[in-house]
Amino acid sequence: MSKQSKQSKQRPAETEAPARDGRSRLASLVTRPATWVVGVILVALGATFSSGLQSLFAGLLPDGWSEPGNGIKVVDVRRKPVSGPVLIPRSESATAFSDRSDAVSSINDPEWEAEHKWYAAGYITWDVTLVGRHSDPVVITDLRPERTGPCTKRLDDGTLVDDIPQGEGKKIELETAIDAEVPQLTSAEDGSAYFDAGTVTLAKGETVVISIEATSAGPTCEWVLEADYVDHGKRETMTITAPGDRPFAITGLIRERPYDLVWGIGCNRALKPEEISADFDELPGC
């Protein structure tokens, strides 16, 4: 309920009715008791109805829609389909797939991503969708990758699910080498530091998809995205994570030898190391 409504409840009824009807009608209402009583009842009902509407509309809006510091919201974070191989380490128990289609659909499912431990192998593209929440435009001034700890050695064992990259529609396309000394986001088009020369402005209800290609030449790294933005004239920072509220994770891709199992193109089952160099047409079950 608004401040005004709270004040109106605290005022005696005798003063509220004249305030609504005007001073010129005060004497008339006092001399007509029946009208005065009905007027008081209608004022009370009006205040209750107004309070109910406010509660209703408040319930329709997301929590914190107009609160300072909540000017942008992460709508979706997901691995872009067919954006590179995924490595599932040996330590991950629930990794059995019925066929290649099941394997590929699983690694592209945000729920599966959130429930299982896995790493991008060599490269990956993440699509981050943001929405503006305030009537005043919110300006994103910087977006940068931050490693959550030191990079470690490459993961050499596990199940690899290959997923070939393909084109995509219009987006803000950025890239970053997570294993670099100081990772930063650069434009996929010309290699320039995107936020050095530009910003992203979001009006209320406006969305933007930021497509980020992350790479690692070898090391295993975990990282998050830090976004700086201006909301209601104040500088704010928010952290963006992968599905399951965990860091993004990447490791180098092995090219010199096969993994324990590989779900690759050309065969509908996982291949063992000794089968990798064989002719797919001669392998049983492919």
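Here the sequence shown stands for residues 1260 to 1545, numbered as in this note's numbering.
No residue lacks a Cβ here, since even glycine has one placed at the ideal position from N, Cα and C.
- Query: Cβ of R1413 within 8 Å of Cβ of G1511?
  - Reply: With contacts defined by Cβ atoms closer than 8 Å, R1413 and G1511 form a contacting pair.
- Task: Identify whether F1454 lies in helix, strand or coil by the three-state DSSP scheme.
- Result: helix
- Query: Is the region 1496-1508 close to the region 1329-1348, with three or more CB pairs under 8 Å?
  - Reply: yes
- Item | Assigned secondary structure, R1359 (DSSP; H/G/I helix, E/B strand, else coil) | helix
- For A1373, which residues of its own chain have a beta-carbon under 7 Å away from its beta-carbon, when the five flanking residues on both sides are left out? Taken in chain order, the residues that qualify are P1502 and G1503.
- Task: With DSSP collapsed to three states, give me the class of E1534.
- Result: helix
- Task: Could you spell out where the alpha helix (DSSP H) holding A1373 opens and where it closes?
- Result: Its alpha helix (DSSP H) spans residues P1369 to E1374.
- Would a C-beta distance cut-off of 8 Å place V1387 and I1366 closer than the cut-off? no
- What separation, rounded to the nearest whole angstrom, lies between the Cα atoms of T1418 and L1484? 27 Å
- Message: Am I right that T1400 and D1487 are in contact with their C-beta atoms under 8 Å? What's the rounded C-beta distance?
- Response: 5 Å between Cβ atoms; contact.
- Message: For I1471, tell me which candidate among V1420, P1442 and T1435 has the shortest Cα-Cα distance.
- Response: The shortest C-alpha separation from I1471 is found at T1435.
- Could you tell me which of L1389, G1381 and A1362 sits nearest to R1337, measuring between CA atoms? For R1337, the closest alpha carbon among the candidates L1389, G1381 and A1362 is that of L1389.
- Task: Check I1437 in the structure and name its three-state DSSP category.
- Result: Three-state DSSP puts I1437 in coil, outside helix and strand.
- By Cβ distance, which residues of its chain are closer than 7 Å to S1475, with the 5 residues on each side in sequence left out? G1381, I1437, D1438, I1509, T1510 and G1511
- What does L1419 pair with, by DSSP beta-bridge criteria? Paired residue(s): L1346 and V1521.
- Query: At what residues does the beta strand (DSSP E) containing P1404 begin and finish?
  - Reply: V1397 to R1406
- Task: Please report the residue range of the beta strand (DSSP E) in which I1383 lies.
- Result: Y1382 to G1391
- Query: Under the three-state reduction of DSSP, which class applies to I1509: helix, strand or coil?
  - Reply: strand
- What is the DSSP secondary structure of S1446, counted as helix, strand or coil? strand
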